[in-house]
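For the sequence shown, position 16 matches number 64 in the numbering used here, and the numbering has no gaps at all.
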Amino acid sequence: MDASMRAEMDAAAREFVNAPVSYTFTNREKRALAAICSNIDRKIFFLSGLPESVIATVLAMYSRLKNSRGLRGHIVDNLIPVLMFAGIREGEGGAQHLDWRDLQKMFRTLSISGLDAVCNHSPAFDSLFESFVSAAGDPEYWRHIATSKRIQDFKNEHLDRYGHNSIIRPARLILCVEQVSILVAKIIERTWPGTAFIELSTRYVDFSGKSQYPIWNELGVFGEAYERRAKVTIEASVEAYRELIGANFDGPFPNEVREWASSRVTDQKDLNAGVIGESCDVLGNLLPCATLTELGLAVSGEAMGELLKHLRLENSPECVAVAQMIQDETVRAGHGYFLRHCDPTPWERSMPRYIETTEELVFDLFDERRVMERLLLARDGRIYGGIDFANKIEQEFERFISSLQDVPRGEYDKLPELFRVASVMVQNAMSFRGWRDLQRQSLSVHARSRVTPLLGFYTYPKFQSEAFTRACTSARARDAECYASFVQAHVPAEISEYPLAMGNLVMYQMTSDLRQAEFCAWQRTKWGVNDEVRQRFLSLEHWLRTFYPWWARISRADMTPHYVFARGVNPVVLA
49 MDASMRAEMD AAAREFVNAP VSYTFTNREK RALAAICSNI DRKIFFLSGL PESVIATVLA
109 MYSRLKNSRG LRGHIVDNLI PVLMFAGIRE GEGGAQHLDW RDLQKMFRTL SISGLDAVCN
169 HSPAFDSLFE SFVSAAGDPE YWRHIATSKR IQDFKNEHLD RYGHNSIIRP ARLILCVEQV
229 SILVAKIIER TWPGTAFIEL STRYVDFSGK SQYPIWNELG VFGEAYERRA KVTIEASVEA
289 YRELIGANFD GPFPNEVREW ASSRVTDQKD LNAGVIGESC DVLGNLLPCA TLTELGLAVS
349 GEAMGELLKH LRLENSPECV AVAQMIQDET VRAGHGYFLR HCDPTPWERS MPRYIETTEE
409 LVFDLFDERR VMERLLLARD GRIYGGIDFA NKIEQEFERF ISSLQDVPRG EYDKLPELFR
469 VASVMVQNAM SFRGWRDLQR QSLSVHARSR VTPLLGFYTY PKFQSEAFTR ACTSARARDA
529 ECYASFVQAH VPAEISEYPL AMGNLVMYQM TSDLRQAEFC AWQRTKWGVN DEVRQRFLSL
589 EHWLRTFYPW WARISRADMT PHYVFARGVN PVVLA
């Protein structure tokens, strides 16, 4: 691909990434958002000025966000009214004294919805809003202060003279990224440690609007046929999803799930929740990798450079455009002093970022005796040797494991730190749709192969669904044809992934120390976890229990093979 083709692709990516959002806000909403958001019309923005607990709650909404105006829409429709009423002194009369749940009930009764409707309802409510805006202050003033020369000189003195890492490490930026592809979201989430993230679930993808990154605009540089093939492939996958799920979870697949599960789940609410969750989780494998998503991040000052590096190392036009937009917004919001070491070095560019597309399964860990020696050495600094070497090791290790069992263990108690001295690495295959959920266990180190049709496609294990099987067969054939044409045209790997369905299998590696492995297996074998992800952790757990007979005595993994659903209130084991 020559430089002119790449420049054309980059221009197409910038046009989409930099385009203003399609929705708007009223003047009152703009005033409210100005106190909290670094901008109100771009896809990337920072949050500031809120208490940490409130920010954490707001970011958590990304997982289940349904607001058509994104997180900022949720803020003005729900959060700002909460903040307005939160400042009222106890004992004041009128509706103001009601708690938020009671206010919500009252608003529903009066058909009041959104910030403008709340403020227009009464002069008292509008006065509360004016008090909130006044108390929130003028964000432009603080941006001016943050970017002034005196403040810049002050910061540079500390950053350059005293060592930037120690200064910027405790700083935390709240970054919101909306309307980017799932592929870009996964690159952003590689920035660990130093970044905590919450991403929109594919169960909440809104197909009423444009829910796919327009990769066809970039593929057009290779010829109209490739642009058309990408668009047809993506549209066919989305249409298959829509047809199978139905307009209101009444399509062929939800109906099959309901029929299969009705004799197993007797509670009607649990059945309804389970059908919806199962349908979204399974049919999500038909969605293309170009599907748009949204995520919120808490980024340490030290990690900002790494975040931008990860995007630039991926080198897709979308990643490059998103990196530049984040950098520009960081400067605009007055956080430019965090932008250090943001460009990849030649060394970093030469390092591999993906594992090979292979079917080789790997499970690698220390042999049992070595682990026992390491744990005992880490515990008390002694090497157990002598004539009776083997017996001493076994006896002392048995006492150690027994001591861990003697003390009652709380739900959130992890294994001792010394279990970090040994690690386990697993390499296996799973759908890209499932891997994006696996990657959320950011305590572990993750790697994957590129999304291709070469390894196979996701298979639903609980019952045979003819409609879903046909859709998967069609998707795989469609993707294979699309991928083959891209390979022939020398389309870069980072571009080829976009049109392919997320049900295509990828090779993945997950490496954890034993403390992390126990904690992650405990979290991700619970009944409320997607079945494919549970199976991967159950596989890891089976291996650990096979190689380390004592592992079952200290592990909290739920070894139940399958549950009927991962949703509802009451777990039901699949016999």
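Every residue gets a Cβ at the ideal spot worked out from N, C-alpha and C, and that includes glycine.
All figures in this text were calculated on a predicted structure; none of them were measured in a lab.
Outcome for residue i when other beta-carbon atoms lying within 10 angstroms are tallied against a minimum of 16
i: H212; result: Confidence at H212 is low in this model, with a pLDDT of 48, below 50, so the placement of that residue should be treated as unreliable; the coordinate-derived value is given next. Result: buried.
i: S52; result: exposed
i: E226; result: buried
i: V166; result: buried
i: G429; result: exposed
i: V124; result: buried
i: D579; result: buried
i: G616; result: buried
i: A623; result: exposed
i: H538; result: exposed
i: R76; result: buried
i: N476; result: buried
i: Y460; result: exposed
i: N439; result: exposed
i: D150; result: exposed
i: L158; result: exposed
i: R572; result: buried
Check whether residue i and residue j have beta carbons under 8 Å apart
i: G325; j: F516; result: no
i: L387; j: Q375; result: yes
i: A119; j: M109; result: Note that residue 119 is Leu in the sequence shown here, rather than Ala. In this structure, M109 lies closer than 8 Å to L119 by Cβ.
i: A83; j: A184; result: yes
i: N618; j: D315; result: yes
i: S492; j: Q583; result: no
i: L248; j: S111; result: yes
i: G242; j: V370; result: no
i: I128; j: A80; result: yes
i: T250; j: G332; result: yes
i: I235; j: G344; result: no
i: V379; j: L423; result: no
i: Y531; j: W575; result: no
i: T339; j: Q443; result: no
i: L355; j: C367; result: no
i: E377; j: F155; result: no
i: I103; j: L95; result: yes
i: L548; j: C337; result: yes
Alpha-carbon to alpha-carbon, residue j and residue i
i: N66; j: D89; result: 10 Å
i: E589; j: P365; result: 40 Å
i: F567; j: K462; result: 6 Å
i: E514; j: V474; result: 32 Å
i: L223; j: V232; result: 15 Å
i: E362; j: M49; result: 16 Å
i: V577; j: L562; result: 21 Å
i: D527; j: A172; result: 59 Å
i: F73; j: T105; result: 22 Å
i: I431; j: L425; result: 6 Å
i: M607; j: L586; result: 7 Å
i: I230; j: A541; result: 16 Å
i: R427; j: G162; result: 58 Å
i: E416; j: E465; result: 19 Å
i: V351; j: R312; result: The identity of residue 351 in the sequence shown is Ala, whereas the question assumes Val. In a straight line, the C-alpha of A351 is about 48 Å away from that of R312.
i: S86; j: L221; result: 12 Å
i: Q489; j: D412; result: 19 Å
i: Y289; j: F511; result: 19 Å
i: L292; j: Y252; result: 16 Å
i: Y71; j: G121; result: 9 Å
i: A295; j: F445; result: 59 Å
Nearest neighbour of residue i, chosen from the options [CA to CA]
i: A495; options: W483, L502, P501; result: W483
i: S116; options: T157, N552, E342; result: E342
i: D454; options: F94, A172, R601, T608; result: R601
i: F64; options: K234, N265, F73, R604; result: N265
i: V499; options: R468, Q512, L486, I543; result: I543
i: S560; options: R481, A295, Q487; result: Q487
i: N303; options: S327, K91, V130; result: S327
i: I282; options: R290, L335, V253, R312; result: L335
i: Y508; options: L107, G551, S490; result: G551
i: H503; options: V419, E408, F467, F534; result: The sequence shown places Leu at residue 503, rather than the His named in the question. Comparing Cα-Cα distances from L503 to each of V419, E408, F467, F534, the minimum goes to E408.
i: R62; options: I263, S479, Q536, P392; result: I263
i: F414; options: E237, A284, T594; result: T594
Cβ contact (3+ pairs, closer than 8 Å) linking the segment 544-557 and the segment 402-420
Because the criterion of three Cβ pairs below 8 Å is met, the segment 544-557 and the segment 402-420 touch.
Would you call the segment 522-539 and the segment 290-304 touching, i.e. three or more CB-CB distances under 8 Å?
With a cut-off of 8 Å on Cβ pairs, the segment 522-539 is not in contact with the segment 290-304, counting fewer than three such pairs.
Examine the Cβ distances between the segment 273-282 and the segment 381-399 and report whether three or more of them are shorter than 8 Å.
No: fewer than three Cβ pairs fall under 8 Å.
message = Across the segment 260-272 and the segment 388-397, are there enough close Cβ pairs to call them in contact, namely three or more that are closer than 8 Å?
response = Contact between the segment 260-272 and the segment 388-397 is absent, because fewer than three Cβ pairs lie under 8 Å.
>> Does the contact criterion of 3 or more C-beta pairs under 8 Å hold for the segment 172-180 versus the segment 303-314?
In response: No: fewer than three Cβ pairs fall under 8 Å.
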